[in-house]
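In my numbering, the protein residues as written are 2 to 144.
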């Protein structure tokens with residue numbers, strides 16, 4: 002039962018820990034984590050964050066969204082992010098159409114990349130170490 006407030010708090014803790022070791026923190030998030038990261042960024046716009054790499058954000062209004070299990074995520078909305086961001090989506094993600102993901106990217110004012118037919122871009126997608134994802138992350142951090 003993921004809870005948005007709990008996840009935003011976890012992003013805060015991870016950011017605090019990472020920023021003690023490196024002043025250039027980049028958030029990397031997948032699925033519901035994209036919404037937690039964006040909510041945290043909007044609550045902490047002046048926090049030193051070098052970027053946000055948001056992979057496979059689910060569409061809370063989509064037919065496959067687990068409304069009961071992730072009820073606190075239903076009302077999220079994409080708003081401009083205070084740092085550079087890259088959203089990566091898939092042509093066959095069961096939780097989000099490419100159009101919806103591109104719309105999130107536009108509202109987050111993020112770059113958009115359609116990675117092809119990668120499912121939900123997770124271990125079930127068979128991508129292994131996902132070299133293409135690493136290259137995309139590098140393109141964000143080298144801006």
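A virtual CB, placed ideally from N, CA and C, is assigned to each residue, including glycine.
Please state whether DSSP places residue i in a helix, a strand or coil.
{"i": "residue 121", "result": "coil"}
{"i": "residue 77", "result": "coil"}
{"i": "residue 26", "result": "coil"}
{"i": "residue 1", "result": "Since the first residue shown for the chain is 2 and the last is 144, residue 1 is missing from the structure and cannot be characterised."}
{"i": "residue 112", "result": "strand"}
{"i": "residue 53", "result": "strand"}
Closest to residue i by C-alpha separation, out of the options, would be which residue?
{"i": "residue 46", "options": "109, 125 and 131", "result": "109"}
{"i": "residue 137", "options": "77, 53 and 64", "result": "53"}
{"i": "residue 63", "options": "102, 117, 139 and 22", "result": "102"}
{"i": "residue 90", "options": "35, 72, 130 and 65", "result": "35"}
{"i": "residue 104", "options": "83, 27, 57 and 68", "result": "57"}
{"i": "residue 20", "options": "94, 92, 121 and 51", "result": "51"}
{"i": "residue 3", "options": "69, 125 and 30", "result": "69"}
{"i": "residue 6", "options": "44, 106 and 26", "result": "44"}
Less than 8 Å between the beta carbons of residue i and residue j, yes or no?
{"i": "residue 33", "j": "residue 65", "result": "no"}
{"i": "residue 79", "j": "residue 130", "result": "no"}
{"i": "residue 84", "j": "residue 42", "result": "yes"}
{"i": "residue 97", "j": "residue 139", "result": "no"}
{"i": "residue 82", "j": "residue 112", "result": "no"}
{"i": "residue 28", "j": "residue 12", "result": "yes"}
{"i": "residue 121", "j": "residue 99", "result": "no"}
If we count Cβ pairs, one from each stretch, closer than 8 Å, do we get three or more for the region 68-76 versus the region 116-123? Touching, no.
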